[in-house]
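In the UniProt record's numbering, the protein residues as written are 1 to 244.
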């Protein structure tokens, strides 16, 4: 009985340690101990224990006093995840083709926890463009990609993560029409359009284009949608052949 309790405690602590590491992202590169404690729902003493382990493994280090960030040791892990992702490998040339057609940045985003993460992208060759990095995460329900991805999720996920500015009816509309759009919802002055690629839980993914709203008139928005939908279909077809 005591062993089972010990195992459960160890398992819980391990999850907290990993959860702490996963709080860092391209948008949140540095955290203080109080911020870590709040994010993972742990006491301050427990957070210090988890932090000490990650520091011993050279995964986190202190930057400015009291604030910590990931070390270069995690970079090979991120690169390995990218290179081993078959969906990203398949999509690369098709994203380049779509970006050249649309004239704006196109990105493939995949569900990871309660977020969608950019796993591959192609930027447009224009002086002013929407810039994003692989690994950037977007919360479900925010922006075109977050709304489209949440609409694809199972009912319990939709109910749990539904933000105040959205309704289930809106999500149903995105699902029925096959796209979601946003304007300045995450990045000021940026219009984005997102369509489904794969809607299975394991590989739930969306294809999104984003660019300055000021140079995307209504007729180009329609062209963007059509190009994204064609590209998403090509990605699905190539991916399905890979699984045969």
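Cβ atoms here follow ideal geometry from the backbone N, Cα and C, with glycine treated the same way.
In terms of Cβ geometry, residue 242 and residue 90 form a close pair [threshold 8 Å]. Residue 34 counts as exposed, since fewer than 16 other beta carbons sit within 10 angstroms of its beta carbon. Rounded to whole angstroms, the separation of the alpha carbons of residue 153 and residue 201 is 7 Å. Contact between the region 53-71 and the region 142-150 is absent: fewer than 3 CB-CB pairs across the two stretches fall below 8 Å. Comparing alpha-carbon positions, the option among 102, 203, 237, 138 lying closest to residue 209 turns out to be 102. Beyond the five residues adjoining it in sequence on each side, residue 86 comes within less than 8 Å, by CB distance, of 239, 242 in the same chain, given in chain order.
Looking from the CA of residue 232, the closest CA among 53, 37, 92, 20 belongs to 92. If one requires a minimum length of 4 residues, the alpha helix (DSSP H) runs lying completely within the region 108-190 are 143-152, 155-161, 168-177, in chain order.
Distance between residue 125 and residue 79, taken at the CA atoms: about 25 Å.
DSSP lists 68 as the beta-bridge partner residues of residue 62.
Secondary structure at residue 19: helix, using DSSP grouped into helix, strand and coil.
Taking a C-beta distance under 8 Å as the contact criterion, residue 120 and residue 111 do not qualify as a contact pair.
Residue environment: residue 168 is assigned as exposed (fewer than 16 neighbouring CB atoms within 10 Å of its CB, all protein chains considered). The region 64-71 and the region 159-173 do not touch, with fewer than three beta-carbon pairs separated by less than 8 Å. At a Cβ-Cβ threshold of 8 Å, residue 17 and residue 54 count as neighbours.
Remark: fewer than three beta-carbon pairs, one from each stretch, lie closer than 8 Å, so the region 183-194 and the region 153-162 are not flagged as touching. Considering only 143, 175, 25, 14, the residue with the shortest C-alpha distance to residue 134 is 25. For residue 217, the secondary structure class from DSSP, reduced to helix, strand or coil, is coil.
Ranked by how close their Cα comes to the Cα of residue 196, the residues 69, 235, 211 have 235 in first place. The alpha carbon of residue 211 has as its nearest neighbour, out of 230, 222, 187, 198, the alpha carbon of 187. Per DSSP, the continuous beta strand (DSSP E) segment holding residue 211 begins and ends at 205-212.
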